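**Q**
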Amino acid sequence: MVLYLLLVGSKVGHITRLWVGANIRNLFKENVATFHYINKDGDVEMAKGLDIGTMNIICAEKEGEDVVFMQQRNAFMELESSDLTKTMLDTSKVLYVEEDDGISLLGEDAFRFATIFEKEAKRPMKRGIICSDEKNAIPMMKLIVERVLGTPKSQAEVLYISSPADPIDLDINVLYHRKTMEALAKKMKYDTHVIDEGLAVIYSELADYNFTGLGISVGAGLTNVTLAYLATPLMSFSIGKGGDWIDEQVSKTTGLPKEHVCATKEAESKLGTDVEFGSVKGALTVYYDALITYIIKNLDRKLSEIAPPKVSFPVAIAGGSSIPKGFFDLFEKKLKETKLRIDIPTMIRAKDPLYSVARGCLIAARTQEAAAGKRTTTATATTTQKKAHGKTTGKKK
Ligand SMILES: Nc1ncnc2c1ncn2[C@@H]1O[C@H](COP(=O)(O)OP(=O)(O)OP(=O)(O)O)[C@@H](O)[C@H]1O
Ligand SMILES: [Mg+2]
Numbered sequence: 249m250v251l252y253l254l255l256v257g258s259k260v261g262h263i264t265r266l267w268v269g270a271n272i273r274n275l276f277k278e279n280v281a282t283f284h285y286i287n288k289d290g291d292v293e294m295a296k297g298l299d300i301g302t303m304n305i306i307c308a309e310k311e312g313e314d315v316v317f318m319q320q321r322n323a324f325m326e327l328e329s330s331d332l333t334k335t336m337l338d339t340s341k342v343l344y345v346e347e348d349d350g351i352s353l354l355g356e357d358a359f360r361f362a363t364i365f366e367k368e369a370k371r372p373m374k375r376g377i378i379c380s381d382e383k384n385a386i387p388m389m390k391l392i393v394e395r396v397l398g399t400p401k402s403q404a405e406v407l408y409i410s411s412p413a414d415p416i417d418l419d420i421n422v423l424y425h426r427k428t429m430e431a432l433a434k435k436m437k438y439d440t441h442v443i444d445e446g447l448a449v450i451y452s453e454l455a456d457y458n459f460t461g462l463g464i465s466v467g468a469g470l471t472n473v474t475l476a477y478l479a480t481p482l483m484s485f486s487i488g489k490g491g492d493w494i495d496e497q498v499s500k501t502t503g504l505p506k507e508h509v510c511a512t513k514e515a516e517s518k519l520g521t522d523v524e525f526g527s528v529k530g531a532l533t534v535y536y537d538a539l540i541t542y543i544i545k546n547l548d549r550k551l552s553e554i555a556p557p558k559v560s561f562p563v564a565i566a567g568g569s570s571i572p573k574g575f576f577d578l579f580e581k582k583l584k585e586t587k588l589r590i591d592i593p594t595m596i597r598a599k600d601p602l603y604s605v606a607r608g609c610l611i612a613a614r615t616q617e618a619a620a621g622k623r624t625t626t627a628t629a630t631t632t633q634k635k636a637h638g639k640t641t642g643k644k645k
């Protein structure tokens, strides 16, 4: 499988674009998919994948030979309105929306400015689903999704969006969130389909194994797990712990704000081996270990409830919380010690853990698009995308 990074973190406007130059054709095995990703002259790549996460909203689409990712933090911050503020925001090309009683900064900029203004950035989602106690959650997410996704390039362009599976350890279900996000995308005139986050990881990482295996996405609000056989889910569930849980626990033990802990965690991005007393690093070591132990304990428990076919199930690990150096090795070590009820021939670390779910959604969308014979020869892939970089000036709906 050929996959190579070309450019990372190129900032265009104020939406981060990442190009992963990939011969995606190779992600498919001949016996699984029958179409080619490479365009013939005039063909337009017309399918998108959207990962709607507690911390990040990421869109994946093809641009020529490349997969292009558009990413925004799923966050906003309310400010009091003043002309000075607006001028400043316009000059620095910040993503914001004007409201009757002030201004809301959106996405990445909400996070950046939260530190400057010493305010907390609000998060529309919590533990994988829309936050019920945040009244502006849905309108803010709508704006962020519209910016990241852009308008469809053709009538009923196929879109796959990720959804968490029901958590096994929290008293919440994902139905309302799933239906709301689906309705939002449908309103934008996409031919919208929903896919479990764990299955999206399998689409992205396990093409070499005929989409059979265990896909795990360790995100911010949740950890999502799907066991699939030939791309058909046998079991999907989520666990109510992820990166946010680590931030909360470390914040409680050290007395530092969660945002500070999160920034240190992401900057460090390495699992420690020693428990340094009283430090953020020391607490992070403790809680990463606790998180991995908890995920594997629940995985073991859930696998004991089903009788999967007697085949091998490779394991793919993705999600932003699996990025730190040492996370994958510790996960692998603990998984081996646990001796799960399935045969695990190999473990795969997603090449790009943060973008794996969006890429999996894109692959699912393209499979659907090919099956439905939806290929047209109009429009341009890039025009629509570039529009997505513009400042939001509309009123909140
Ligand atoms: N370099 C890094 N080192 C450590 N943690 C990181 C790093 N980058 C991101 N994270 C963490 O990854 C998490 C976000 O990952 P991801 O985008 O996969 O989650 P999400 O999809 O938004 O959430 P969820 O799937 O739970 O709804 C956050 O907790 C973030 O702090
Ligand atoms: Mg996620």
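Note that our numbering numbers the sequence shown so that position 84 is 332, with each residue one more than the last. Positions of the beta carbon are idealized from the N, C-alpha and C atoms, including for glycine. Note that the structure is predicted; figures quoted are calculated from it, not measured.
Would you say Glu382 touches ligand 1, meaning its beta carbon is less than 7 Å from a heavy atom?
**A** The residue you call residue 382 lines up with position 134 of the sequence shown. The answer is no for Glu382.
**Q** Please state whether DSSP places Lys437 in a helix, a strand or coil.
**A** Counted from its first residue, the sequence shown places residue 437 at position 189. Coil, per DSSP.
**Q** Quick test of the definition: if touching needs 3 or more C-beta pairs under 8 Å, does the stretch 609-617 touch the stretch 391-410?
**A** The stretch 609-617 is in contact with the stretch 391-410.
**Q** Quick one: what's got a C-beta closer than 6 Å to Leu602's C-beta in the same chain, skipping five residues either side?
**A** The residue labelled residue 602 in the question sits at position 354 within the sequence shown. Here the set comprises Gly568.
**Q** DSSP state of Asn546, grouped into three classes?
**A** As a working note, residue 546 is residue 298 in the sequence shown. It is helical.
**Q** Roughly how many whole angstroms lie between the Cα atoms of Asp299 and Thr512?
**A** Walking along the sequence shown from the start, residue 299 turns up at place 51. Walking along the sequence shown from the start, residue 512 turns up at place 264. Each residue's alpha carbon lies about 25 Å from the other.
**Q** Roughly how many angstroms lie between the CA atoms of Gly488 and Leu418, to the nearest whole one?
**A** Along the sequence shown, read from residue 1 onward, the residue named residue 488 stands at position 240. Along the sequence shown, read from residue 1 onward, the residue named residue 418 stands at position 170. Each residue's alpha carbon lies about 6 Å from the other.
**Q** Please identify the residue among Ala479, Thr533, Met373 whose C-alpha is closest to the C-alpha of Thr501.
**A** Stepping through the sequence shown from its first residue, residue 501 is reached at position 253. Among Ala479, Thr533, Met373, the Cα nearest to that of Thr501 is on Thr533.
**Q** Excluding the 5 residues preceding and the 5 following Glu496 in the sequence, name in chain order all residues of the same chain whose CB lies nearer than 8 Å to its CB.
**A** Position 248 of the sequence shown, counted from the first residue, corresponds to residue 496. The residues are Lys506.
**Q** Any heavy atom of ligand 1 closer than 7 Å to the CB of Pro412?
**A** Indexing the sequence shown from 1 puts residue 412 at position 164. Checking the Cβ of Pro412 against ligand 1 gives yes.
**Q** Following a CB-centred definition, is Val422 positioned closer than 7 Å to any heavy atom of ligand 2?
**A** The residue you call residue 422 lines up with position 174 of the sequence shown. No; taking the cut-off as 7 Å, the Cβ of Val422 has no heavy atom of ligand 2 nearer than that.
**Q** Going by DSSP, what residue range makes up the alpha helix (DSSP H) through Thr501?
**A** Taking the sequence shown and counting its residues from 1, the one referred to as residue 501 is at position 253. Run containing Thr501: 491-502, per the alpha helix (DSSP H) assignment.
**Q** In or out: Leu478 buried (at least 16 other Cβ within 10 Å) or exposed?
**A** Position 230 of the sequence shown holds residue 478. By the neighbour-count rule (16 or more Cβ atoms within 10 Å), Leu478 is not buried but exposed.
**Q** Measure the Cβ-Cβ separation of Ser465 and Val442 and say whether it is below 8 Å.
**A** Locating residue 465 in the sequence shown gives position 217, where the first residue counts as 1. Locating residue 442 in the sequence shown gives position 194, where the first residue counts as 1. No, the pair does not count as a contact, with Cβ atoms beyond the cut-off.
**Q** Between which two residues does the beta strand (DSSP E) containing Cys307 stretch?
**A** Here residue 307 refers to the residue found at position 59 of the sequence shown. Taken as a continuous stretch (DSSP letters only), the beta strand (DSSP E) holding Cys307 covers 304-311.
**Q** Quick check for students: name the residue ranges of the beta strand (DSSP E) that lie wholly in the stretch 451-476, counting only runs of 3 or more.
**A** Entirely contained in the stretch 451-476, the beta strand (DSSP E) runs reaching 3 residues are, in chain order, 461-466.
**Q** How many Å lie between Leu583 and Leu337 at the Cα?
**A** Against the sequence shown, residue 583 aligns to sequence position 335. Against the sequence shown, residue 337 aligns to sequence position 89. Spanning the two alpha carbons is a distance of roughly 48 Å.
**Q** So what does DSSP say about Lys581, is it helix, strand or coil?
**A** For the purposes of this step, residue 581 is taken as the residue at position 333 of the sequence shown. Three-state DSSP puts Lys581 in a helix.
**Q** Pull up the CB-CB distance for Thr586 and Ile544, whole angstroms please, since I reckon it's below 8 Å.
**A** On the sequence shown, residue 586 is found 338 positions in, with the first residue counted as 1. On the sequence shown, residue 544 is found 296 positions in, with the first residue counted as 1. Thr586 to Ile544, Cβ: 5 Å. Contact.
**Q** Could you say if the stretch 446-466 and the stretch 429-436 meet the contact criterion of at least three C-beta pairs nearer than 8 Å?
**A** Because the criterion of three Cβ pairs below 8 Å is not met, the stretch 446-466 and the stretch 429-436 do not touch.
**Q** Would the beta-carbon of Thr302 be found less than 7 Å away from any heavy atom of ligand 1?
**A** Mapped onto the sequence shown, residue 302 falls at position 54. Result yes, Cβ under 7 Å from ligand 1.
**Q** For the stretch 369-384 and the stretch 574-581, state whether three or more C-beta atom pairs, one from each stretch, are separated by less than 8 Å.
**A** No, they do not touch.
**Q** Once you ignore the five residues that flank Met483 on each side, which residues in its own chain have a CB closer than 6 Å to its CB?
**A** Within the sequence shown, numbered from 1, the residue matching residue 483 stands at position 235. Here the set comprises Leu475, Ile554.
**Q** For Gly312, which of Gln320, Ile306, Met294 has the nearest alpha-carbon?
**A** Translated into the one-based positions of the sequence shown, residue 312 becomes position 64. When only C-alpha atoms are compared, the closest one is Met294.
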